[in-house]
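Line by line, the protein sequences give chains W and S.
Residue numbers for the first sequence follow our numbering, beginning at 1 and rising by one.
Residue numbers for the second sequence follow our numbering, beginning at 169 and rising by one.
Where is the CB? At the ideal position from N, CA and C, for every residue including glycine.
Have a look at the structure below before the remarks.
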Amino acid sequence: YKTFPGNPRWKRTHLTYKIVNYTPDLPQKKVDDAIRRAFMVWSDVTPLQFRRVFKTHADIVIRFARREHGDGQPFDGRGAVLAHAFYPGEGIGGDAHFDDDERWSEVNQEVNLFLVAAHEFGHSLGLGHSNVRGALMYPSYSYVNPATFRLPEDDRRRIQKLYGTKSS
Amino acid sequence: FPAQLKPESRSDTDTEKIKAYLDKFFPILEKTQSLSLEERIKEMQRFFHLTVTGKLNAETEETMKQPRCGVPDTAD
Numbered sequence: 001y002k003t004f005p006g007n008p009r010w011k012r013t014h015l016t017y018k019i020v021n022y023t024p025d026l027p028q029k030k031v032d033d034a035i036r037r038a039f040m041v042w043s044d045v046t047p048l049q050f051r052r053v054f055k056t057h058a059d060i061v062i063r064f065a066r067r068e069h070g071d072g073q074p075f076d077g078r079g080a081v082l083a084h085a086f087y088p089g090e091g092i093g094g095d096a097h098f099d100d101d102e103r104w105s106e107v108n109q110e111v112n113l114f115l116v117a118a119h120e121f122g123h124s125l126g127l128g129h130s131n132v133r134g135a136l137m138y139p140s141y142s143y144v145n146p147a148t149f150r151l152p153e154d155d156r157r158r159i160q161k162l163y164g165t166k167s168s
Numbered sequence: 169f170p171a172q173l174k175p176e177s178r179s180d181t182d183t184e185k186i187k188a189y190l191d192k193f194f195p196i197l198e199k200t201q202s203l204s205l206e207e208r209i210k211e212m213q214r215f216f217h218l219t220v221t222g223k224l225n226a227e228t229e230e231t232m233k234q235p236r237c238g239v240p241d242t243a244d
C-alpha cells in the first residue's frame with residue numbers, strides 16, 4: 001500500500017506547479033496560500049523545492065472540476081471522493097484535481113483545502129495510500145488544525161525514502 | 169402498511185454498493201483476478217484495520233461512507 005507501482009518519482013528536486021482555475025468557495029489569495037503551504041509540508045522534510053508558474057509548462061497542474069473533467073475519472077458530487085492526483089510523470093502525471101462540488105474551506109468546516117492538497121501532493125510526488133491511521137496519506141479525510149499541523153512520522157519516512165532528507 | 173423491502177433486494181443493493189467501492193478503491197489486479205467478493209471485502213477490512221468478516225457489516229459500511237481521496241488504496 002506504500003507507493004505506486006514501480007516507485008515512480010521525479011528525477012529532479014526542483015518542480016513547478018500551476019493553478020489553472022479557482023473554487024468560488026474561497027478568495028483566490030486563500031487558495032494560493034493553502035496550496036503554497038501544502039507544498040511546504042513536503043519541501044520542509046526533503047530537498048524538494050516548488051516554484052509556481054503561471055503560463056509556462058508545469059510539472060504539477062492544479063485544477064478544480066466537477067463530475068467528468070477529461071481524465072476519465074469523473075467526480076461524484078458533494079461528499080465521498082473529494083479529490084484525486086496522478087503519480088509523477090509527463091503530461092497528466094503529477095497533476096491534482098479537486099472536486100468543486102465540495103465546499104472548500106480554510107477552517108474546520110466542510111473540507112479543509114490545505115489538508116486535502118497536502119495529501120494529494122503526496123500522490124503527485126509518488127506516495128500511495130498508507131493504512132496507518134493518522135497518517136496524512138491515509139485515504140479517509142479527517143480534520144486536524146492546519147496551524148499546528150506536523151507531518152506524521154509514517155509520511156515523513158516514506159517521502160524521505162523517495163527523495164532523501166532535507167540536509168542531503 | 170408500507171410494503172416491506174424484501175431482505176434480498178436490500179442485500180442486492182448492498183452488494184452492488186460494496187462492489188462499486190471495491191472496484192474503485194481495491195481494483196482487481198492481475199494477482200487478485202480470482203478473488204471472491206468475500207475475499208475482496210476482507211482485503212478492504214484488513215487495510216482499514218476493521219474486523220475481518222468478509223461481510224458488509226456496520227463498521228465496514230461506515231468506513232465506505234467517509235469522505236476520501238479518489239486514488240485507489242491498492243496499486244497494481
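Cut-off 7 Å between Cβ atoms - residues of its own chain near residue i, not counting five sequence neighbours on either side
i	result
residue 297 of chain S	With chain S running from 169 to 244 in the structure shown, residue 297 of chain S is simply not present.
residue 94 of chain W	59, 60, 86, 88 and 124
Residues that residue i contacts on chain S, provided the C-beta gap is smaller than 9 Å
i	result
residue 141 of chain W	234, 235, 236 and 237
Interface partners of residue i on chain W, CB under 8 Å
i	result
residue 194 of chain S	Within chain W, no residue comes near residue 194 of chain S; the closest Cβ sits about 10 Å away, beyond 8 Å.
Residues that residue i contacts on chain S, provided the C-beta gap is smaller than 7 Å
i	result
residue 119 of chain W	237
Residue i: contacting residues in chain S (beta-carbon distance under 8 Å)
i	result
residue 133 of chain W	217
residue 123 of chain W	237 and 239
For residue i, three-class secondary structure by DSSP
i	result
residue 196 of chain S	coil
residue 42 of chain W	helix
residue 111 of chain W	strand
residue 127 of chain W	strand
residue 82 of chain W	strand
residue 184 of chain W	Missing from the structure shown is residue 184 of chain W; chain W here goes from 1 to 168 and no further.
residue 19 of chain W	strand
residue 179 of chain S	helix
residue 3 of chain W	Unreliable positioning characterises residue 3 of chain W in this predicted model, as indicated by a pLDDT of 44, which lies under 50. A coordinate reading is not provided.
residue 166 of chain W	coil
residue 121 of chain W	helix
residue 223 of chain S	coil
residue 9 of chain W	coil
residue 146 of chain W	helix
residue 157 of chain W	helix
residue 133 of chain W	coil
residue 25 of chain W	coil
residue 184 of chain S	helix
Counterpart residues of residue i in DSSP-defined beta bridges
i	result
residue 239 of chain S	In DSSP, residue 239 of chain S forms no bridge with anything.
residue 49 of chain W	W:14
residue 64 of chain W	W:98
residue 105 of chain W	W:112
Sequence-distant residues of its chain with Cβ nearer than 6 Å to residue i (five each side left out)
i	result
residue 113 of chain W	34 and 104
residue 211 of chain S	194
residue 240 of chain S	193 and 195
residue 23 of chain W	64, 100 and 104
residue 139 of chain W	129
residue 25 of chain W	103 and 104
residue 96 of chain W	62, 85, 120 and 124
Cutoff 8 Å; reference residue i; Cβ partners in own chain excluding five residues on either side
i	result
residue 155 of chain W	122, 127, 130, 135, 136 and 137
residue 49 of chain W	13, 14, 15 and 43
residue 214 of chain S	220
residue 20 of chain W	61, 62 and 63
Any chain A beta carbon closer than 7 Å to residue i
i	result
residue 112 of chain W	Within the model displayed, chain A is absent; protein chains W and S are what it includes.
Residues in the segment 70-88 of chain W having any Cβ partner in chain S nearer than 9 Å: Closer than 9 Å at the C-beta level to chain S, one finds these residues of the segment 70-88 of chain W: 73, 75, 76, 79, 80, 81, 82, 83, 84, 85, 86 and 87.
Interface residues of the segment 104-116 of chain W facing chain S [CB-CB below 8 Å]: If the cut-off is 8 Å between Cβ atoms, the segment 104-116 of chain W has 111 and 116 near chain S.
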